[in-house]
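Note that my numbering has the sequence shown beginning at 153, numbered continuously upward. C-beta: ideal position from N, C-alpha, C; glycine also. Quantities reported herein were computed from a predicted structural model and do not represent experimental measurements. One structure is given below, encoded as structure tokens.
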Amino acid sequence: MIPRGLARRIDRLSRRAHRFHRYAHHPLCVPYTGEVLQVGRCRLCRGCSLAALGGLLGCALGFGFPPQAWPLLAVGCLAAGLLGLGSLLGWRAGKGLTRLVPAGLLTFVWVEVLRRPSLPGLVLAGGSLLGLAWGLRAYRRRGPDRSPCAACPLGPPGFHCPGLAPIRRRERAFQRLSSRWLERSVKP
153 MIPRGLARRI
163 DRLSRRAHRF
173 HRYAHHPLCV
183 PYTGEVLQVG
193 RCRLCRGCSL
203 AALGGLLGCA
213 LGFGFPPQAW
223 PLLAVGCLAA
233 GLLGLGSLLG
243 WRAGKGLTRL
253 VPAGLLTFVW
263 VEVLRRPSLP
273 GLVLAGGSLL
283 GLAWGLRAYR
293 RRGPDRSPCA
303 ACPLGPPGFH
313 CPGLAPIRRR
323 ERAFQRLSSR
333 WLERSVKP
């Protein structure tokens, strides 16, 4: 059994070692430069950053409009659903249109429903949450877009990929250090 203090220490180290946004799976090479935002030592996928920004904008709009703007709620849900469905069916649009806009519209709908709860609003919000869950599941099943890797002279991403080298180095360093800590905790 691992001592509780050591487990916490390894967890803290793990969070620092894995600062790279794990759902993005973008190599850190030149073809993917536009897909990854670097904030200090932390790297975030541009799509997720735009979705978060859309959520913030939707929240601001939700509090800016008068409550019970039902036509806006219905249009927001419909537009977000169509954009999400088009993206999942293979229609390639910019990340601003497929991440920022749906996130903003859905957050706007949820804020409106929270401000003035009613049965139609709750149905819209519940349906949009189900649609979002389905979309996230389909997105994760589809996996990341590896089209820039197809043109790479080094071939598909793998051990030889220079874009994955920083991630691999950080992971190895984490494994070495945590192994040392675990060995020390076992020795009498």
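Classify ARG195 as helix, strand or coil using the three-state DSSP reduction. Reduced to three states, the DSSP call for ARG195 is strand.
Start and end of the alpha helix (DSSP H) containing ILE319? Going by DSSP, ILE319 is part of the alpha helix (DSSP H) stretching over 317 to 338.
With distances taken Cα to Cα, identify the nearest neighbour of VAL253 among ALA290, PHE217, LEU208. Nearest of ALA290, PHE217, LEU208 to VAL253, Cα basis: LEU208.
Around the C-beta of LEU164, are 16 or more other C-beta atoms found within 10 angstroms, so that it is buried, or is it exposed? Before going on, a small fix: residue 164 reads as Arg here, not Leu. By the neighbour-count criterion, in which a residue is buried when 16 or more other Cβ atoms sit within 10 angstroms of its Cβ, ARG164 is exposed.
For LEU284, which of CYS304, ALA255, ARG267, GLY214 has the nearest alpha-carbon? Selected option, being the one with the closest Cα: ALA255.
Beta-carbon within less than 7 Å of LEU202's beta-carbon, same chain only, minus the 5 sequence neighbours each way: which residues are those? Answer for LEU202: LYS247, GLY248, ARG251, LEU252, listed in chain order.
Rounded C-alpha distance that separates GLY199 from ARG289: Near 16 Å, if we compare the C-alpha coordinates of ARG289 and GLY199.
Name the residue from PRO183, VAL265, VAL191 whose alpha carbon lies nearest to the alpha carbon of PHE215. Among PRO183, VAL265, VAL191, the Cα nearest to that of PHE215 belongs to VAL265.
Taking 8 Å as the threshold (C-beta atoms), are SER337 and ILE154 in contact? Contact: yes.
So GLY279 is in the alpha helix (DSSP H); what residue range does that whole segment cover? Here the alpha helix (DSSP H) through GLY279 covers 271 to 294.
For LEU189, which of helix, strand or coil comes out of DSSP? Residue state, collapsed to three classes: strand.
Mind reading off the beta-carbon distance from LEU304 to PRO183? Whole number of angstroms is fine, and I expect it under 8 Å. Here residue 304 turns out to be Cys, not Leu, going by the sequence shown. The pair is a contact, with the Cβ atoms about 7 Å apart (cut-off 8 Å).
I'd like the list of long-range same chain contacts for ALA277, defined as Cβ closer than 7 Å, with 5 residues on each side in sequence excluded. Correct list, in chain order: VAL261, TRP262, VAL265.
Helix, strand or coil: how does DSSP classify ARG161 here? Reduced to three states, the DSSP call for ARG161 is helix.
Coil, strand or helix - CYS313 by DSSP: DSSP places CYS313 in coil when its eight states are reduced to three.
May I ask which residues mark the beginning and end of the alpha helix (DSSP H) holding PRO254? Note, PRO254: alpha helix (DSSP H), 253 to 267.
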